[in-house]
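Notes for the one structure printed next.
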(Lines of atoms letter the chains of each structure in order from A and count residues from 1; the text may use other names and numbers.)
(Lines give C-alpha, C1' and ligand atoms only; values in the text may rest on other atoms or scores of the structure.)
Protein backbone atom coordinates (compact mmCIF):
# COMPACT_ATOMS: atom_id res chain seq x y z
CA UNK A 1 0.00 0.00 0.00
CA UNK A 2 2.81 2.44 0.83
CA UNK A 3 4.32 1.95 -2.64
CA UNK A 4 0.95 2.59 -4.29
CA UNK A 5 0.54 5.82 -2.30
CA UNK A 6 4.06 6.87 -3.27
CA UNK A 7 3.34 6.11 -6.92
CA UNK A 8 0.07 8.03 -6.78
CA UNK A 9 1.83 11.06 -5.24
CA UNK A 10 4.60 10.94 -7.83
CA UNK A 11 2.06 10.55 -10.62
CA UNK A 12 0.09 13.55 -9.35
CA UNK A 13 3.23 15.70 -9.13
CA UNK A 14 4.39 14.73 -12.61
CA UNK A 15 0.91 15.31 -13.97
CA UNK A 16 0.91 18.87 -12.65
CA UNK A 17 4.31 19.42 -14.19
CA UNK A 18 3.32 17.84 -17.50
CA UNK A 19 0.04 19.74 -17.92
CA UNK A 20 1.11 23.13 -16.55
CA UNK A 21 1.55 25.49 -19.50
CA UNK A 22 4.90 27.22 -19.82
CA UNK A 23 4.28 30.92 -19.21
CA UNK A 24 7.84 32.21 -19.12
CA UNK A 25 11.40 31.24 -19.96
CA UNK A 26 12.05 30.55 -16.25
CA UNK A 27 9.27 27.96 -16.15
CA UNK A 28 10.38 26.13 -19.30
CA UNK A 29 14.00 25.88 -18.16
CA UNK A 30 13.12 24.39 -14.77
CA UNK A 31 10.36 21.99 -15.84
CA UNK A 32 11.29 18.31 -15.94
CA UNK A 33 11.31 16.88 -19.44
CA UNK A 34 10.98 13.31 -20.68
CA UNK A 35 14.22 11.32 -20.67
CA UNK A 36 16.40 11.47 -23.77
CA UNK A 37 19.89 10.21 -24.40
CA UNK A 38 22.57 12.89 -24.16
CA UNK A 39 23.65 14.70 -27.32
CA UNK A 40 27.18 13.41 -26.75
CA UNK A 41 26.21 9.71 -26.52
CA UNK A 42 27.84 8.98 -29.88
CA UNK A 43 31.20 10.09 -28.48
CA UNK A 44 31.23 7.48 -25.71
CA UNK A 45 34.09 5.06 -25.30
CA UNK A 46 32.58 2.59 -22.80
CA UNK A 47 34.39 1.34 -19.71
CA UNK A 48 32.79 -1.75 -18.15
CA UNK A 49 33.20 -2.82 -14.54
CA UNK A 50 32.16 -5.99 -12.76
CA UNK A 51 30.89 -6.45 -9.23
CA UNK A 52 32.60 -4.09 -6.74
CA UNK A 53 35.20 -3.00 -9.31
CA UNK A 54 36.45 0.57 -8.92
CA UNK A 55 37.36 2.85 -11.82
CA UNK A 56 40.87 4.24 -12.12
CA UNK A 57 41.29 7.89 -11.11
CA UNK A 58 42.60 8.80 -14.56
CA UNK A 59 39.11 8.15 -15.99
CA UNK A 60 37.99 11.43 -14.38
CA UNK A 61 39.96 13.15 -17.16
CA UNK A 62 37.70 11.57 -19.80
CA UNK A 63 35.18 13.87 -21.42
CA UNK A 64 32.76 12.29 -21.83
CA UNK A 65 33.18 9.54 -19.28
CA UNK A 66 30.90 6.59 -20.09
CA UNK A 67 30.74 3.62 -17.73
CA UNK A 68 28.68 0.49 -17.24
CA UNK A 69 28.57 -1.19 -13.84
CA UNK A 70 27.31 -4.59 -12.83
CA UNK A 71 25.87 -4.30 -9.32
CA UNK A 72 23.83 -7.50 -9.21
CA UNK A 73 25.67 -9.31 -6.41
CA UNK A 74 24.85 -6.94 -3.57
CA UNK A 75 24.03 -9.45 -0.85
CA UNK A 76 24.23 -9.41 2.90
CA UNK A 77 25.34 -13.01 3.47
CA UNK A 78 28.62 -13.13 1.53
CA UNK A 79 30.10 -9.68 2.10
CA UNK A 80 29.27 -8.34 -1.36
CA UNK A 81 27.24 -5.50 0.17
CA UNK A 82 30.32 -4.35 2.10
CA UNK A 83 32.53 -4.60 -1.01
CA UNK A 84 29.93 -2.59 -2.94
CA UNK A 85 29.77 0.12 -0.25
CA UNK A 86 33.56 0.39 -0.22
CA UNK A 87 33.66 0.82 -4.04
CA UNK A 88 30.86 3.34 -4.40
CA UNK A 89 32.64 6.47 -3.03
CA UNK A 90 35.41 6.19 -5.64
CA UNK A 91 32.87 5.61 -8.42
CA UNK A 92 30.98 8.71 -7.31
CA UNK A 93 34.13 10.85 -6.96
CA UNK A 94 35.41 9.94 -10.44
CA UNK A 95 32.01 10.78 -11.94
CA UNK A 96 31.76 14.17 -10.22
CA UNK A 97 35.13 15.31 -11.56
CA UNK A 98 34.17 15.02 -15.23
CA UNK A 99 32.06 17.46 -17.27
CA UNK A 100 30.00 14.98 -19.28
CA UNK A 101 29.06 11.61 -17.83
CA UNK A 102 26.95 8.59 -18.75
CA UNK A 103 26.38 5.60 -16.50
CA UNK A 104 24.50 2.41 -17.22
CA UNK A 105 24.12 0.07 -14.31
CA UNK A 106 22.33 -3.09 -13.31
CA UNK A 107 21.33 -3.20 -9.63
CA UNK A 108 20.12 -5.98 -7.41
CA UNK A 109 20.13 -6.06 -3.61
CA UNK A 110 19.06 -9.25 -1.88
CA UNK A 111 19.53 -10.92 1.49
CA UNK A 112 21.28 -14.00 0.05
CA UNK A 113 22.54 -15.19 -3.32
CA UNK A 114 19.60 -16.38 -5.42
CA UNK A 115 16.89 -14.83 -3.21
CA UNK A 116 14.23 -12.48 -4.55
CA UNK A 117 15.85 -9.04 -4.52
CA UNK A 118 14.61 -6.42 -2.11
CA UNK A 119 15.16 -3.97 -4.95
CA UNK A 120 16.45 -4.31 -8.52
CA UNK A 121 16.62 -2.13 -11.64
CA UNK A 122 18.52 -1.27 -14.79
CA UNK A 123 19.54 2.37 -14.87
CA UNK A 124 20.76 4.84 -17.45
CA UNK A 125 21.90 8.20 -16.04
CA UNK A 126 23.81 11.10 -17.47
CA UNK A 127 24.78 14.69 -16.87
CA UNK A 128 26.30 17.42 -18.99
CA UNK A 129 27.61 20.23 -16.81
CA UNK A 130 28.50 22.40 -19.82
CA UNK A 131 24.92 22.25 -21.16
CA UNK A 132 23.25 22.30 -17.75
CA UNK A 133 21.30 19.04 -17.91
CA UNK A 134 20.95 15.85 -15.89
CA UNK A 135 18.73 12.84 -16.63
CA UNK A 136 17.88 9.38 -15.40
CA UNK A 137 15.92 6.43 -16.69
CA UNK A 138 15.03 3.32 -14.72
CA UNK A 139 13.72 0.14 -16.34
CA UNK A 140 12.72 -3.13 -14.73
CA UNK A 141 12.45 -1.37 -11.36
CA UNK A 142 11.19 -3.92 -8.85
CA UNK A 143 10.63 -3.95 -5.11
CA UNK A 144 10.30 -7.47 -3.66
CA UNK A 145 9.67 -8.77 -7.18
CA UNK A 146 6.87 -6.29 -8.01
CA UNK A 147 7.33 -3.60 -10.63
CA UNK A 148 7.28 0.02 -9.50
CA UNK A 149 7.48 3.19 -11.57
CA UNK A 150 5.58 5.87 -13.42
CA UNK A 151 4.91 3.24 -16.10
CA UNK A 152 2.95 1.24 -13.52
CA UNK A 153 0.80 4.30 -12.80
CA UNK A 154 0.29 4.86 -16.54
CA UNK A 155 -0.83 1.25 -17.01
CA UNK A 156 -3.18 1.44 -14.02
CA UNK A 157 -4.67 4.81 -15.07
CA UNK A 158 -5.03 4.11 -18.82
CA UNK A 159 -8.44 2.32 -18.75
CA UNK A 160 -10.29 4.93 -16.65
CA UNK A 161 -8.17 8.08 -16.93
CA UNK A 162 -6.60 8.03 -20.40
CA UNK A 163 -5.79 11.78 -20.45
CA UNK A 164 -3.89 11.53 -17.17
CA UNK A 165 -2.14 8.41 -18.45
CA UNK A 166 -1.18 10.30 -21.63
CA UNK A 167 0.26 13.18 -19.55
CA UNK A 168 2.46 10.75 -17.62
CA UNK A 169 3.33 8.50 -20.56
CA UNK A 170 6.44 10.51 -21.54
CA UNK A 171 7.96 9.81 -18.12
CA UNK A 172 7.44 6.04 -18.29
CA UNK A 173 5.08 3.90 -20.34
CA UNK A 174 6.15 0.36 -19.40
CA UNK A 175 5.84 -1.46 -16.10
CA UNK A 176 8.82 -0.67 -13.87
CA UNK A 177 9.87 2.33 -15.98
CA UNK A 178 10.49 5.95 -14.96
CA UNK A 179 12.60 8.56 -16.72
CA UNK A 180 13.06 12.30 -16.78
CA UNK A 181 15.50 15.08 -17.54
CA UNK A 182 16.16 18.13 -15.37
CA UNK A 183 18.16 21.32 -15.78
CA UNK A 184 21.38 22.02 -13.87
CA UNK A 185 22.63 25.45 -12.89
CA UNK A 186 25.56 26.03 -15.24
CA UNK A 187 27.04 28.99 -13.38
CA UNK A 188 29.63 26.95 -11.47
CA UNK A 189 30.21 24.10 -13.93
CA UNK A 190 32.65 23.33 -16.75
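In the working numbering, the protein residues as written are 862 to 1051.
Don't be surprised by glycine CBs; every beta carbon is placed ideally from N, CA and C.
Since the model is a prediction, treat every value here as computed from it, not as a measurement.
| Query | Result |
| --- | --- |
| Residue 953 burial status per 10 Å Cβ neighbour count (16 or more: buried) | exposed |
| Secondary structure of residue 1047, DSSP reduced to three states | coil |
| Residues that residue 945 bridges to, as DSSP identifies them | In the DSSP output, where bridge partners are listed per residue, residue 945 has none listed. |
| Validate contact between the segment 958 to 971 and the segment 925 to 933 using beta carbons, cut 8 Å, 3 pairs | yes |
| For residue 961, the three-state DSSP class (helix, strand or coil) | strand |
| Pair within 8 Å by beta-carbon distance, residue 1011 and residue 1043 | no |
| Within 8 Å, strictly: CB atoms of residue 936 and residue 973 | yes |
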